[in-house]
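Engineer: Below you will find the structure I want to go over with you.
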Amino acid sequence: MTVDASRGAEAPPELVQLLTPEGERVEHPDYDIDLTPEEVRELYRDLVLVRRIDMEAVALQRQGELGIWASLLGQEAAQIGSARALADTDMAFPTYREHGVAWCRGVDPLYLLGLFRGVSNGGWDPADHNFHLYTIVIGAQTLHAVGYAMGVQRDGADAATIVYFGDGATSQGDVNESFIWASVFNAPVVFFCQNNQWAISEPLEKQSRIPLYRRASGFGFPGIRVDGNDVFACLAVTRQALRNAREGQGPTLIEAFTYRMGAHTTSDDPTRYRVAGELEAWKLKDPIERVKAYLFRNQHADQDFFDAIDAEAARLGREVRKRCLELPDPRPLDIFDHVYAEPNALLAEEKEQFAAYLASFEGGES
Amino acid sequence: MSTPVTLTMAKALNEGLRKAMEDDPKVLIMGEDVGKLGGVFRVTDGLQKDFGESRVIDTPLAESGIIGTAIGLALRGYRPVCEIQFDGFVFPAADQIITQLAKMPLRSLGKVKLPVVVRIPCGGGIGAVEHHSESPEAYFTHTGGLRVMACSNPVDAYHMIQQAIRSEDPVIFFEPKRRYWDKAEVDKDAVPLPLDRGRIARPGTDVTVLAYGPMVKTCLEAANAVEGERSIEVVDLRSLSPLDTELIYESVRRTGRCVVAHEAPVYSGLGAEIAARVTEACFYHLEAPVLRVGGFSTPYPPSRLEDHYLPDLDRVLDAVDRTFAF
Numbered sequence: 000m001t002v003d004a005s006r007g008a009e010a011p012p013e014l015v016q017l018l019t020p021e022g023e024r025v026e027h028p029d030y031d032i033d034l035t036p037e038e039v040r041e042l043y044r045d046l047v048l049v050r051r052i053d054m055e056a057v058a059l060q061r062q063g064e065l066g067i068w069a070s071l072l073g074q075e076a077a078q079i080g081s082a083r084a085l086a087d088t089d090m091a092f093p094t095y096r097e098h099g100v101a102w103c104r105g106v107d108p109l110y111l112l113g114l115f116r117g118v119s120n121g122g123w124d125p126a127d128h129n130f131h132l133y134t135i136v137i138g139a140q141t142l143h144a145v146g147y148a149m150g151v152q153r154d155g156a157d158a159a160t161i162v163y164f165g166d167g168a169t170s171q172g173d174v175n176e177s178f179i180w181a182s183v184f185n186a187p188v189v190f191f192c193q194n195n196q197w198a199i200s201e202p203l204e205k206q207s208r209i210p211l212y213r214r215a216s217g218f219g220f221p222g223i224r225v226d227g228n229d230v231f232a233c234l235a236v237t238r239q240a241l242r243n244a245r246e247g248q249g250p251t252l253i254e255a256f257t258y259r260m261g262a263h264t265t266s267d268d269p270t271r272y273r274v275a276g277e278l279e280a281w282k283l284k285d286p287i288e289r290v291k292a293y294l295f296r297n298q299h300a301d302q303d304f305f306d307a308i309d310a311e312a313a314r315l316g317r318e319v320r321k322r323c324l325e326l327p328d329p330r331p332l333d334i335f336d337h338v339y340a341e342p343n344a345l346l347a348e349e350k351e352q353f354a355a356y357l358a359s360f361e362g363g364e365s
Numbered sequence: 000m001s002t003p004v005t006l007t008m009a010k011a012l013n014e015g016l017r018k019a020m021e022d023d024p025k026v027l028i029m030g031e032d033v034g035k036l037g038g039v040f041r042v043t044d045g046l047q048k049d050f051g052e053s054r055v056i057d058t059p060l061a062e063s064g065i066i067g068t069a070i071g072l073a074l075r076g077y078r079p080v081c082e083i084q085f086d087g088f089v090f091p092a093a094d095q096i097i098t099q100l101a102k103m104p105l106r107s108l109g110k111v112k113l114p115v116v117v118r119i120p121c122g123g124g125i126g127a128v129e130h131h132s133e134s135p136e137a138y139f140t141h142t143g144g145l146r147v148m149a150c151s152n153p154v155d156a157y158h159m160i161q162q163a164i165r166s167e168d169p170v171i172f173f174e175p176k177r178r179y180w181d182k183a184e185v186d187k188d189a190v191p192l193p194l195d196r197g198r199i200a201r202p203g204t205d206v207t208v209l210a211y212g213p214m215v216k217t218c219l220e221a222a223n224a225v226e227g228e229r230s231i232e233v234v235d236l237r238s239l240s241p242l243d244t245e246l247i248y249e250s251v252r253r254t255g256r257c258v259v260a261h262e263a264p265v266y267s268g269l270g271a272e273i274a275a276r277v278t279e280a281c282f283y284h285l286e287a288p289v290l291r292v293g294g295f296s297t298p299y300p301p302s303r304l305e306d307h308y309l310p311d312l313d314r315v316l317d318a319v320d321r322t323f324a325f
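Sequences listed follow chains C and L, in order. Numbering that gives the first Met the number 0 puts the first residue of the first sequence at 0, with every later residue one more than the last. Numbering that gives the first Met the number 0 puts the first residue of the second sequence at 0, with every later residue one more than the last.
Quick look at the structure:
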């Protein structure tokens, strides 16, 4: 097989785009968005801060402070655009890479760092910010989202559910089952697929012969491909899909066409399977640069604004680092807690035995 | 006070489900053919008619989807009771059960509760084709985060299914399909044992026989067959995870002998765990090693051979005899 170094360099057909890589606002017949300069500046701030948190996390992993990290580099617009389309009452189901969505929902980044540091497996309450726990098994959360949406239906609530997954996940049985469930129950759910072109080392061709958004038609609901590096388009398309879901029009599949600019995780080495030219082509379509260019071009922001955001990002990075290093390790006996909601005789016995074992050491801890 | 009524185990489960649905509007039933048909074993018969399609949900034919969407419904505050049509069809849902249902509460440090019940008709003895006669309980007792229960008779079935639904923990609930049509008098007002307790099904003094699900009846028949020669105590475990170890140990310390019986393969089966624990906890009371009776380490055989595969009264008594040979 040959690798096409120009992959993705040209915009694929049927791509919803409202902001070009050069920062030029373009029209689309079906989607429009009317953002105030202040709203655009807020989106820019989200994009920059989230990239900064991500960068800090990669550095922390390199310094041995995190076991692993799954970087969102390159996918900021897809995440910020879609997440800023959500109403507070909408529910989001993430994979393990949705740091930008977590940010928009108000989840403390420390929870995410704690997960990858090995302090907990998540630990936040999904109900606090309507942001579900990170799910690591690929695609499993799509069914949870549809079930949740079925609950919303039964409650008669005015809310929608969004679920995130990647291009690789579209091969999973659970994702296909979730499409079927959502379709036959007309569930108020938006399937938000970030097609970042790579499932670790496997390119999209290993997952699909057709563009992913076209899969939806076989399941009986609309599919749309959006420029995943265009935060305006992601916001507009997701907003419409969520509105349709809330109004009882059922599910939508959104394929956000984007690119994983970093490695799959910090344990991965993409130089083994993809050529440098591909990354260079995508750098020209960076999701942040185009918003900056737009703000400049339209004189919606001056250099002071960009400097202030950079300074805020630097402060955030330092703060995230400091708080990460201060995270206390859980205690050994915490292993047994929260496995069950009700008292459990087996775990009580094991906990007691392990406590006695630990206490048998001089100065033994518990 | 209602007077006791005679019910089959299937009907007892049906009435237990009905009671749970009446008591709590958040209880849902979901599965393949559970609606209009009432389930292939009729356990959910009439429930959709009375509670509607939004509470008794005929699902697409995909087991992972059933459990995965049940998890989502539970996250939204519902209490889904899922039916897996036959034991051998639980495996497509194994990922959702093991990686999600069992682990999500810990993932949230206790902030998420998943009160989901997975009902699984289990075991052999009905002359069925492949995948319809299996006993997969050990896969689930090996998974922290799940409660595993097995009913053996109509009385327990009526109460235990309601306890499972009320539990804040996910429960894998095994129903021995060849006992669905066994009848007993059920007192619906009786105060049931706690859901994690076993029960002495028949007191005895010479040997403890531990069983659950379909094998309880077999072991009771074995005990009756040797009445006057040997006094066999039969314990119905009811809860497979956690085990009611105090009840087990108390019985074995009294009798000094122990046999564990299940339909599942002996190798790495629940009996192995029980034998190890009994040996450790009751070592100085044991007159003989703990013996196990169960299926072979083969796939479940074609049904014309199942009478040889399934432990019957004679295989149980053979093991009992062997414990007296030491």
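Beta carbons: idealized from backbone N, C-alpha and C, even for Gly. Here the structure is a predicted model, which means the values were calculated and not measured.
With DSSP collapsed to three states, give me the class of Ser-238 of chain L.
Structural biologist: The residue you call residue 238 of chain L lines up with position 239 of the second sequence. In the structure shown, Ser-238 of chain L adopts extended strand secondary structure according to DSSP, grouped into three states.
Engineer: At which residue ranges does the stretch 213-260 of chain L contain complete alpha helix (DSSP H) runs of 4 or more residues, listed in the order of the chain?
Structural biologist: 214-224, 244-254
Engineer: Could you say if the stretch 260-268 of chain L and the stretch 308-319 of chain L meet the contact criterion of at least three C-beta pairs nearer than 8 Å?
Structural biologist: yes
Engineer: Evaluate Tyr-179 of chain L with the Cβ neighbour count: other Cβ atoms within 10 Å of its Cβ, from every protein chain shown; 16 or more gives buried, anything less gives exposed.
Structural biologist: Here residue 179 of chain L is taken as the residue at index 180 of the second sequence, counted from 1. By the neighbour-count rule (16 or more Cβ atoms within 10 Å), Tyr-179 of chain L is buried.
Engineer: Using a threshold of 8 Å, state whether the C-beta atoms of Arg-201 of chain L and Ala-222 of chain L are closer than that.
Structural biologist: Position 202 of the second sequence, counting from 1, holds the residue named residue 201 of chain L. Position 223 of the second sequence, counting from 1, holds the residue named residue 222 of chain L. Taking 8 Å as the Cβ cut-off, Arg-201 of chain L and Ala-222 of chain L qualify as a contacting pair.
Engineer: Can you name the residues of chain C whose CB is closer than 8 Å to the CB of Ala-69 of chain L?
Structural biologist: Here residue 69 of chain L refers to the residue found at position 70 when the second sequence is read from its first residue. Those are Gly-146, listed as they occur along chain C.
Engineer: Shorter than 8 Å from the beta carbon of Val-319 of chain C to some beta carbon of chain L?
Structural biologist: By 1-based counting over the first sequence, the position of residue 319 of chain C is 320. Judged by the 8 Å Cβ criterion, Val-319 of chain C is not in contact with chain L.
Engineer: Please state the DSSP three-state secondary structure of Trp-197 of chain C.
Structural biologist: Position 198 of the first sequence holds residue 197 of chain C. If DSSP states are grouped into helix, strand and coil, Trp-197 of chain C belongs with the strands.
Engineer: From C:His-27, C:Val-39, C:Glu-37, C:Glu-55, pick the residue whose C-alpha is nearest to that of Cys-323 of chain C; which is it?
Structural biologist: Numbered from its first residue, the first sequence carries residue 323 of chain C at position 324. Closest by alpha carbon: C:Glu-55.
Engineer: Taking a cut of 7 Å between CB atoms, which residues from the stretch 48-65 of chain L lie near chain C?
Structural biologist: Ser-53, Pro-59, Ala-61, Ser-63, Gly-64
Engineer: I need the straight-line Cα distance from Val-315 of chain L to Leu-145 of chain L, nearest angstrom please.
Structural biologist: For the purposes of this step, residue 315 of chain L is taken as the residue at position 316 of the second sequence. For the purposes of this step, residue 145 of chain L is taken as the residue at position 146 of the second sequence. One C-alpha to the other measures close to 29 Å.
Engineer: Could you list which residues in chain L have their beta carbon closer than 7 Å to that of Arg-259 of chain C, in chain order?
Structural biologist: Here the question's residue 259 of chain C lines up with position 260 in the first sequence. By Cβ distance, chain L contributes nothing, its closest Cβ being about 24 Å from Arg-259 of chain C, past 7 Å.
Engineer: To the nearest angstrom, report how far apart Glu-82 of chain L and Ser-119 of chain C are at their CA atoms.
Structural biologist: Stepping through the second sequence from its first residue, residue 82 of chain L is reached at position 83. Stepping through the first sequence from its first residue, residue 119 of chain C is reached at position 120. Cα-Cα distance, rounded: 32 Å.
Engineer: DSSP beta-bridge partners for Arg-44 of chain C?
Structural biologist: Position 45 of the first sequence, counting from 1, holds the residue named residue 44 of chain C. Note: Arg-44 of chain C sits in no beta bridge, so no partner.
Engineer: With a threshold of 7 Å on Cβ separation, who are the neighbours of Gln-161 of chain L within its own chain once the five nearest residues in sequence on each side are excluded?
Structural biologist: As a first step, residue 161 of chain L must be located in the second sequence, where it is residue number 162. Only Gly-15, Lys-18, Ala-19 meet the Cβ criterion.
Engineer: Can you list the residues of chain C that Glu-167 of chain L reaches, using a CB-CB cut of under 7 Å?
Structural biologist: Reading the second sequence from its first residue, position 168 is the one you call residue 167 of chain L. Chain order gives the chain C residues near Glu-167 of chain L as Ala-340, Glu-341, where near means a beta carbon separation below 7 Å.
Engineer: Could you name the residues of chain L that Val-136 of chain C contacts, counting a contact when the two beta carbons are closer than 8 Å?
Structural biologist: As a first step, residue 136 of chain C must be located in the first sequence, where it is residue number 137. Here the neighbours are Asp-94, Thr-98, Gln-99.
Engineer: In chain order, which continuous runs of the beta strand (DSSP E) of length 3 or greater are located wholly inside the stretch 83-129 of chain C?
Structural biologist: 90-92
Engineer: For the stretch 57-71 of chain C, which residues have a beta carbon sitting closer than 9 Å to at least one beta carbon of chain L?
Structural biologist: none
Engineer: At a cut of 8 Å, does the stretch 81-97 of chain C reach the stretch 154-167 of chain C through at least three beta carbon pairs?
Structural biologist: Touching, yes, given that three or more Cβ pairs across the two stretches are closer than 8 Å.
Engineer: So the candidates are L:Val-277, L:Phe-50, L:Phe-323, L:Leu-12; which of them puts its Cα closest to the Cα of Cys-152 of chain L?
Structural biologist: Here residue 152 of chain L corresponds to residue number 153 of the second sequence, with the count starting at 1. For the record, residue 152 of chain L in the displayed sequence is Asn; it is not Cys. Of the listed residues, the one whose Cα sits closest to Asn-152 of chain L is L:Leu-12.
Engineer: Just how far apart, CA to CA, sit Ala-139 of chain C and Gln-74 of chain C?
Structural biologist: Indexing the first sequence from 1 puts residue 139 of chain C at position 140. Indexing the first sequence from 1 puts residue 74 of chain C at position 75. In a straight line, the C-alpha of Ala-139 of chain C is about 21 Å away from that of Gln-74 of chain C.
Engineer: Whose C-alpha, out of C:Glu-341, C:Met-260, C:Asp-157, C:Asn-297, is nearest the C-alpha of Ala-280 of chain C?
Structural biologist: The residue given as residue 280 of chain C occupies position 281 in the first sequence. The candidate whose alpha carbon is nearest that of Ala-280 of chain C is C:Met-260.
Engineer: For the putative contact between Val-185 of chain L and Val-147 of chain L, defined by C-beta atoms under 8 Å, what is the C-beta separation to the nearest angstrom?
Structural biologist: On the second sequence, position 186 is the one that residue 185 of chain L refers to. On the second sequence, position 148 is the one that residue 147 of chain L refers to. Not confirmed; about 23 Å, so no contact.
Engineer: Report yes or no: is there a C-beta of chain L within less than 8 Å of the C-beta of Ser-5 of chain C?
Structural biologist: On the first sequence, residue 5 of chain C is found 6 positions in, with the first residue counted as 1. Confidence in Ser-5 of chain C is poor, its pLDDT being 47 and thus under 50, which makes the residue's placement too unreliable to answer from.
Engineer: Applying a beta-carbon distance threshold of less than 8 Å, which residues of chain L neighbour Glu-125 of chain C?
Structural biologist: In the first sequence, counting from the first residue as 1, residue 125 of chain C sits at position 126. The sequence given here places Pro at residue 125 of chain C; Glu does not occur at that position. Correct list: Leu-74, Ser-107, Lys-110, Val-111.
Engineer: Check whether the Cβ of Pro-241 of chain L lies closer than 8 Å to any Cβ atom in chain C.
Structural biologist: The residue labelled residue 241 of chain L in the question sits at position 242 within the second sequence. Judged by the 8 Å Cβ criterion, Pro-241 of chain L is in contact with chain C.
Engineer: Leaving out the 5 sequence neighbours to the left and right, which residues in its chain are closer than 6 Å to Phe-218 of chain C when beta-carbon positions are compared?
Structural biologist: In the first sequence, counting from the first residue as 1, residue 218 of chain C sits at position 219. Setting aside the 5 residues that flank it on each side, Phe-218 of chain C is surrounded in the same chain by Phe-178, Ser-182, each with a C-beta closer than 6 Å to its C-beta; the list follows chain order.
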